[in-house]
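Heads up: the sequence shown runs through residues 272 to 779, numbered per the working numbering. Built from N, CA and C at the ideal position, the CB exists for glycine as well.
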Amino acid sequence: MDRDANHTVAVIGAGAMGRGIIQLFAQSGHTVKFFDASEAAVAAAHAFVSDMLHSKVDKGRMSQTDVDQAIANLVPCEALGDIADCNIVVEAVLEDLEVKQSLFAQLEGVVSSSAILASNTSSLLVTEIAAHCQHPERVAGLHFFNPVPAMRLVEIISAVRTADATVEKLRTLIDTTTHRAVLAQDQPGFLVNHAGRGLYTEGLRILEEQAASHDDIDRLMREAAGFRMGPFELLDLTGLDVSSKVMQSIYDQFQQEPRFRPSSLIPPRVAAGLFGRKTNEGWYQYGPDAQALGGQDKRSLPSLTANNRIWIDPTADRYNELIELVVQAGATAEQTADNATLLLLQPWGIDVSQACADLKLDARLCVALDPLPTLNQRRTLMLSPITSIQARDDALALLSNGDAPVTVINDSPGFVVQRIVATIVNIGTNIAQRGIASPDDIDDAVRIGLGYPHGPLSLGDSIGPKKVMAILEGLQRVTGDPRYRPSQWLRRRALLGESLLTPETSRH
Numbered sequence: 272m273d274r275d276a277n278h279t280v281a282v283i284g285a286g287a288m289g290r291g292i293i294q295l296f297a298q299s300g301h302t303v304k305f306f307d308a309s310e311a312a313v314a315a316a317h318a319f320v321s322d323m324l325h326s327k328v329d330k331g332r333m334s335q336t337d338v339d340q341a342i343a344n345l346v347p348c349e350a351l352g353d354i355a356d357c358n359i360v361v362e363a364v365l366e367d368l369e370v371k372q373s374l375f376a377q378l379e380g381v382v383s384s385s386a387i388l389a390s391n392t393s394s395l396l397v398t399e400i401a402a403h404c405q406h407p408e409r410v411a412g413l414h415f416f417n418p419v420p421a422m423r424l425v426e427i428i429s430a431v432r433t434a435d436a437t438v439e440k441l442r443t444l445i446d447t448t449t450h451r452a453v454l455a456q457d458q459p460g461f462l463v464n465h466a467g468r469g470l471y472t473e474g475l476r477i478l479e480e481q482a483a484s485h486d487d488i489d490r491l492m493r494e495a496a497g498f499r500m501g502p503f504e505l506l507d508l509t510g511l512d513v514s515s516k517v518m519q520s521i522y523d524q525f526q527q528e529p530r531f532r533p534s535s536l537i538p539p540r541v542a543a544g545l546f547g548r549k550t551n552e553g554w555y556q557y558g559p560d561a562q563a564l565g566g567q568d569k570r571s572l573p574s575l576t577a578n579n580r581i582w583i584d585p586t587a588d589r590y591n592e593l594i595e596l597v598v599q600a601g602a603t604a605e606q607t608a609d610n611a612t613l614l615l616l617q618p619w620g621i622d623v624s625q626a627c628a629d630l631k632l633d634a635r636l637c638v639a640l641d642p643l644p645t646l647n648q649r650r651t652l653m654l655s656p657i658t659s660i661q662a663r664d665d666a667l668a669l670l671s672n673g674d675a676p677v678t679v680i681n682d683s684p685g686f687v688v689q690r691i692v693a694t695i696v697n698i699g700t701n702i703a704q705r706g707i708a709s710p711d712d713i714d715d716a717v718r719i720g721l722g723y724p725h726g727p728l729s730l731g732d733s734i735g736p737k738k739v740m741a742i743l744e745g746l747q748r749v750t751g752d753p754r755y756r757p758s759q760w761l762r763r764r765a766l767l768g769e770s771l772l773t774p775e776t777s778r779h
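Dropping the structure here:
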């Protein structure tokens, strides 16, 4: 397919997703024929896309000449047969397997045998959609994200019988647009929805264990991990009614893989109608009287005791920085734990209780500081079940001495940030190990499609694969839960000192 050619693309379905796809191809220079079972939907789509294109002139994003040409590229159709000359058809109808199978059977009788049939499905296996087609080799997934013009990512899904030539033609088509095409195999959740399981499921797991409140978890993921939103803000945004079905579907399709296990917290909230923004009530309240999301946690900060004696675990990653904080605070840095009034630890992947048992320390004096974020980011202090109020307050006074705010959590192996980030990395590396997508496509898909600050493999590299392994192995050791077993991709590259982006050597 010539990159510079003006192709004729058909879009079937003129709802929200269909409209976005129509606009993208029209403004990219392609003639777009579009059809919907509802004539009113076709007319509404034409008006909507035209308005959206005109608004680009007002915003200085397109010239009037380019907009006029894009609108001229729009060809509304009255009958399905009107798309007979199209060489690529993109289906964006109801997310129902029987509906899509029936449509694809009709399309095979309308377009030529060389035309490509692509589905915008987000949750169905493309192989199932193509199962009754006479030419399944020309069927693939072309999964856009809403809103299509703004979300500059497209997943090209290769079903079991999809020909390589079909994938290449679709990739060449997407290359003519502003969007990044990533290739993925036909597996549950494809690439983005698969990779996105870690943030939600681990955030919910931490809340289940009462290690931290939902707003503290969100605050830590924003201010310590650098994410735009925490898991509970995202669940409110996407709608818990929708997210709960996706979680359960992916868990079931992967044969109850522990990494994707849904939370028991979800069904009661769905039954109560706490869907999030769409109902003005979810994990947070919305509407005119609601408090702003992500406000600072309100805590009156204590003062250090007069003769505060602090011992810092000499194996702590930020030992020198912490010693400096102790000196600046006017406290005494103890060389041994024997005479200290506060014992400060920095464990990876385990909780304070386990660290105290391993080091034979008095848990009443122990507080842990998450070593993963820098000291310039929000700091996490973790208490054992019997940490004294005095030790807690002394640690707060020490770590609140500066611009970085502090969040206090209950005992949790891997704190909050370590747990969630390691889970994200582990799922991303397992996607690579399964050959669902290439390392670069995994990273780009997650960064663009989910808005994470880094793709999972780059995120793991920034921490260090060996550190990620330590977190997961600690979690598995403390909890006994197989959801934390490290992927083989991660394990091997950690052992070899290689980047997680390092691809496998070809066997051929």
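- Per DSSP, the continuous beta strand (DSSP E) segment holding cysteine 637 begins and ends at 637-640.
- Taking C-beta atoms under 8 Å as the contact rule, valine 419 and glycine 291 qualify, at a distance of about 3 Å.
- When DSSP states are grouped into helix, strand and coil, serine 384 belongs to the coil group.
- In the DSSP assignment, leucine 614 falls within the beta strand (DSSP E) that extends over 613-616.
- Comparing alpha-carbon positions, the option among Ile427, Tyr557, Val749 lying closest to aspartate 712 turns out to be Ile427.
- Within its own chain, the residues whose Cβ lies closer than 7 Å to the Cβ of leucine 378, once the five positions on either side in sequence are excluded, are Val360, Leu388, listed in chain order.
- Contact check for leucine 632 against valine 692 fails: the beta carbons are separated by 8 Å or more.
- Here isoleucine 583 carries a strand assignment [DSSP, helix/strand/coil].
- Sequence-distant partners of glutamine 759 (beyond 5 residues in either direction) whose C-beta falls short of 6 Å from its own C-beta, in its chain, are Gln704.
- Contact between the region 469-484 and the region 655-665 is absent, with fewer than three C-beta pairs closer than 8 Å.
- Shown here, proline 757 sits in coil according to DSSP, grouped into three states, outside any helix or strand.
- Scanning Leu654, Gln648, Glu504 for the CA closest to the CA of leucine 613 turns up Leu654.
- By the Cβ test, the region 716-727 is in contact with the region 682-699, since at least three Cβ pairs between them sit closer than 8 Å.
- Of all alpha-carbon atoms in Ser393, Glu479, Val597, the one lying nearest the alpha-carbon of asparagine 578 is that of Val597.
- Distance from the CA of leucine 444 to the CA of valine 749, rounded to the nearest whole angstrom, comes to 49 Å.
- Of the candidates Val717, Arg762, Asn647, the residue whose Cα lies closest to the Cα of alanine 455 is Val717.
- In the displayed model, phenylalanine 461 falls within coil according to three-state DSSP, outside both helix and strand.
- For arginine 650, the enclosing beta strand (DSSP E) starts and ends at 650-654.
- Beyond the five residues adjoining it in sequence on each side, glutamate 366 comes within less than 8 Å, by CB distance, of Thr392, Ser393, Ser394, Leu395 in the same chain, given in chain order.
- Bounds of any beta strand (DSSP E) do not take in arginine 432, whose DSSP letter is neither H nor E.
- With contacts defined as CB atoms closer than 8 Å, valine 425 and phenylalanine 415 qualify as a contacting pair.
- Judged by their CB atoms, serine 671 and valine 679 are not nearer to each other than the 8 Å cut-off.
- In this structure, the beta-carbon distance from valine 303 to leucine 345 falls below 8 Å.
- Secondary structure of leucine 771 (DSSP, three-state): coil.
- Taking C-beta atoms under 8 Å as the contact rule, alanine 341 and glutamine 298 qualify, at a distance of about 4 Å.
- In the same chain as arginine 532, and ignoring 5 residues on each side of it, the C-beta atoms closer than 8 Å to its own belong to Thr472, Tyr522, Arg754, in chain order.
- Just so you know, the alpha carbons of glutamine 648 and glycine 331 end up roughly 37 Å apart.
- Rounded to the nearest whole angstrom, the CA to CA distance from proline 407 to alanine 386 is 11 Å.
- The DSSP-derived three-state label of isoleucine 621 is coil.
- For the 8 Å CB-CB criterion, tryptophan 582 and alanine 741 do not form a contact.
- Put simply, of Arg490, Gly467, Arg442 the residue whose alpha carbon is nearest the alpha carbon of asparagine 701 is Gly467.
- Going by C-alpha positions, alanine 668 is about 27 Å away from phenylalanine 498.
- Residue ranges of uninterrupted alpha helix (DSSP H) with 4 or more members, entirely inside the region 696-755 and ordered along the chain, are 710-720, 727-734, 736-750.
- About 6 Å separates the Cβ atoms of methionine 288 and asparagine 417, confirming a contact at the 8 Å cut-off.
- Here histidine 450 carries a coil assignment [DSSP, helix/strand/coil].
- Nearest neighbour of alanine 602 by Cα position, chosen from Ser390, Ala628, Ser574, Glu744, turns out to be Ser574.
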